[in-house]
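Residue numbers (our numbering): 1 to 278.
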Amino acid sequence: MNTLRTLSAALAVASMTSLAHAADPAYFTQTENMRMTRDANGVLLVEMNTNGGPFKFSAKAHEAFVDAFYHISRDRDNKIVILTGKGGQWMGDIDFASFGDVSDPDVWSKVHDEGTQIVENIANIRVPMICAVEGKAWVHTEYCALANVIVAGAGASFNDAPHFAGGIVPGDGIFTTWSYCMGPTRAEALLFDPKPFTAAQAKGYGLVSEVVPDGQAIAKAREIAARYLTKPEVTRRNTRTYFVQPIKLALVQQTGYGLSLEGASAADLVKSMKAAKQ
């Protein structure tokens, strides 16, 4: 009898575990560079990573993020979204070579389409979004700037490493989002002369909402999420929708054009690099 009870209990636990795993939608595990976990209250934690460590942005991730953010935006079981990185970094590096020959119109056409779709799909997330930053946020901080709140560890730093410093136009939405958060005058100065600025500076500029001790950004984001969850769901959703609308309109108007200009500058950069080798 005891053996039967033990077996019955084990089967019940196994069944509950199976159901819990089955409850996670398929898209949770479809993006190699995103680890997604959702708690019982519907708070979705999205951890960008490369092999479980700090995330190095790549062409593969650029392609996959289009669908990932689309699925996140459509899933009504997501009540709050927290976007962060793994290994003590938000996003500090990029694999330029993975994008191939960006002077090829076919290559850039794909980059252009994905770039516009990613930011539009993030803007289409219709629940409060919090960005939790530790370490370097030097690449694609427009994703973070589309959150309602940015929480940063005291040692975090912000920058736009890939664009003007590398010889190409910052046209992928970073100027649009930084302008909205910090004002166009400051955004232009920072993007024309890119260098890291601290979490405290970012708060002073209006980009970061709260600065916390290092290692506490996610915990603070969860604390903020818990406060949001005390309000009715429709109120939460509609407030995010209302707040994101101005920047969403700006992205639709500007990102496609900006990426076209960026593509032309990337082609010219490749041309000049080839000429220098001759």
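Glycine included, every Cβ here is placed at the ideal spot set by N, Cα and C.
This one's a predicted model, so the numbers in the text were calculated from it and none came from an experiment.
Distance between residue j and residue i (C-alpha atoms, nearest Å)
i, j, result
"residue 21", "residue 37", "Note that residue 21 has pLDDT 48, beneath the 50 cutoff, so the model's placement of it is unreliable and no number is given."
"residue 277", "residue 268", "14 Å"
"residue 208", "residue 113", "29 Å"
"residue 212", "residue 272", "44 Å"
"residue 107", "residue 189", "30 Å"
"residue 225", "residue 157", "23 Å"
"residue 270", "residue 110", "17 Å"
"residue 235", "residue 180", "23 Å"
"residue 61", "residue 275", "31 Å"
"residue 19", "residue 202", "Any reading at residue 19 needs caution, since the residue's pLDDT is 44, under 50, leaving its predicted position unreliable; the model's value is listed next. If I take the Cα positions, the gap works out to 43 Å."
"residue 260", "residue 204", "32 Å"
"residue 116", "residue 198", "28 Å"
"residue 258", "residue 184", "15 Å"
"residue 103", "residue 245", "34 Å"
"residue 178", "residue 195", "15 Å"
"residue 206", "residue 251", "19 Å"
"residue 200", "residue 74", "34 Å"
"residue 35", "residue 47", "5 Å"
"residue 54", "residue 166", "22 Å"
"residue 191", "residue 137", "14 Å"
"residue 91", "residue 120", "20 Å"
"residue 133", "residue 221", "10 Å"
"residue 186", "residue 164", "15 Å"
"residue 14", "residue 52", "Confidence in residue 14 is poor, its pLDDT being 48 and thus under 50, which makes the residue's placement too unreliable to answer from."
"residue 23", "residue 105", "42 Å"
"residue 263", "residue 232", "44 Å"
"residue 25", "residue 147", "23 Å"
"residue 210", "residue 237", "22 Å"
"residue 124", "residue 160", "24 Å"
"residue 17", "residue 45", "Note that residue 17 scores a pLDDT of 46, beneath 50, so its modelled location is shaky; the value from the coordinates is reported in the next line. One C-alpha to the other measures close to 20 Å."
"residue 82", "residue 182", "22 Å"
Nearest candidate by alpha-carbon position, reference residue i, set the options
i, options, result
"residue 77", "126, 147, 102 and 92", "126"
"residue 227", "170, 241, 130 and 182", "130"
"residue 145", "34, 84 and 154", "84"
"residue 247", "142, 215 and 233", "142"
"residue 162", "266, 87 and 155", "266"
"residue 223", "233, 155, 52 and 149", "149"
"residue 176", "253, 215, 214 and 124", "253"
"residue 63", "25, 118 and 50", "118"
"residue 50", "82, 26, 210 and 86", "86"
"residue 249", "233, 264, 262 and 122", "122"
Residue(s) in a DSSP beta bridge with residue i
i, result
"residue 122", "According to DSSP, which records beta bridges pairwise, residue 122 is partnered with nothing at all."
"residue 38", "44"
"residue 80", "43"
"residue 198", "157"
"residue 152", "133 and 211"
"residue 220", "Answer is none; residue 220 lacks a bridge partner."
"residue 282", "What the structure shows of the chain is the stretch from 1 to 278, and residue 282 is not part of that stretch, so it cannot be assessed."
"residue 171", "Paired residue(s): none; residue 171 is not in a bridge."
"residue 50", "53"
"residue 85", "48"
CB contact flag (residue i, residue j, <8 Å)
i, j, result
"residue 217", "residue 152", "yes"
"residue 128", "residue 72", "no"
"residue 168", "residue 139", "no"
"residue 173", "residue 230", "no"
"residue 135", "residue 88", "yes"
"residue 214", "residue 154", "yes"
Exercise. Is it true that the segment 97 to 108 meets the segment 37 to 48, where meeting means three or more beta-carbon pairs spaced less than 8 Å apart?
Worked result: no
Exercise. Quick check: the segment 23 to 32 against the segment 60 to 73, are there 3 or more CB pairs under 8 Å?
Worked result: yes
Problem set entry | Given 8 Å, three or more beta-carbon pairs between the segment 48 to 61 and the segment 239 to 254 | no
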